[in-house]
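Using the working numbering, the first residue of the sequence shown is number 2, and each one after it goes up by one.
The C-beta atom is built at its ideal place from N, Cα and C for all residues, glycine as well.
Computed from a predicted structure; not experimentally measured.
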Amino acid sequence: MFTSEGTYNSTLDSKGRFQLPTAILREVNDKIEGRFMINRSTEKCLTLYPIDVWNVYKERLNRLNSFKPSNRQAIRYFMGSATEVKLDAKNRLLIPKPLSQYACFEKELLVVGMTTFVEIWDPKLYEEELNRFSKENPEVINDIANQIFGDGDFYNQLS
């Protein structure tokens with residue numbers, strides 16, 4: 002598992018591969034042997050999980066009652082496009098063509114650290130998503146920040 006954060010630029014080469022940013026590579030442990038699971042997200046981007054983190058998510062999906070239609074749809078959505086990818090000798094990952102098309106990738110990419118996984122975005126769609134969210138839900142960020150920092154206890158932990 003890794004705890005990445007930040008936003009990094011990358012590019013797709015002619016074969017659909019991209020370089021995993023160095024800051025994220027530093028956190029990849031030997032235990033996963035360069036193996037990741039790439040998948041579509043609920044937004045127009047892809048998610049990339051170290052294989053050990055993906056296995057935890059997969060285990061939770063497997064606990065869902067697949068006879069319930071909404072659970073079955075969720076399982077289908079997340080498992081149906083999940084594809085294992087492995088770092089090559091130059092620390093590149095190949096994005097399968099259907100996933101690249103889903104996320105509307107052209108050449109430029111943004112790799113966004115989301116703690117235990119990363120998101121991979123087309124830069125224009127990422128900016129649109131950030132703008133849409135801040136316009137449609139301006140109170141959500143404040144509410145979440147208030148949950149984290151509002152009682153002042155956080156600041157007491159710093160001293």
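>> Assuming Gly81 is part of the alpha helix (DSSP H), what are its boundary residues?
In response: Stepping through the sequence shown from its first residue, residue 81 is reached at position 80. Start and end: 70–81.
> For Phe118, which three-state DSSP category applies?
Replying inline: Translated into the one-based positions of the sequence shown, residue 118 becomes position 117. In the structure shown, Phe118 sits in coil (DSSP, three-state: anything other than H, G, I, E or B).
> Should Thr12 be labelled buried (16 or more other beta-carbon atoms within 10 Å of its own) or exposed?
Replying inline: On the sequence shown, position 11 is the one that residue 12 refers to. Thr12 should be labelled exposed.
> For the alpha helix (DSSP H) that Ser101 lies in, which residues bound it at each end?
Replying inline: Position 100 of the sequence shown holds residue 101. First-last of the alpha helix (DSSP H) with Ser101: 98–103.
>> Taking the straight line between their C-alpha atoms, what separation do you get for Ile86 and Ser71?
In response: Counting from one through the sequence shown, the residue named residue 86 turns up at place 85. Counting from one through the sequence shown, the residue named residue 71 turns up at place 70. The displayed chain sequence assigns Val, not Ile, to residue 86. Distance between the alpha carbons of Val86 and Ser71 is about 28 Å.
>> Residues in the same chain with beta-carbon distance under 7 Å from Pro22, minus the five sequence neighbours each way, listed in chain order, please.
In response: Numbered from 1 along the sequence shown, position 21 holds the residue referred to as residue 22. Answer for Pro22: Tyr9, Ser11, Val112, listed in chain order.
> Should Phe68 be labelled buried (16 or more other beta-carbon atoms within 10 Å of its own) or exposed?
Replying inline: Mapped onto the sequence shown, residue 68 falls at position 67. Under this definition Phe68 is an exposed residue.
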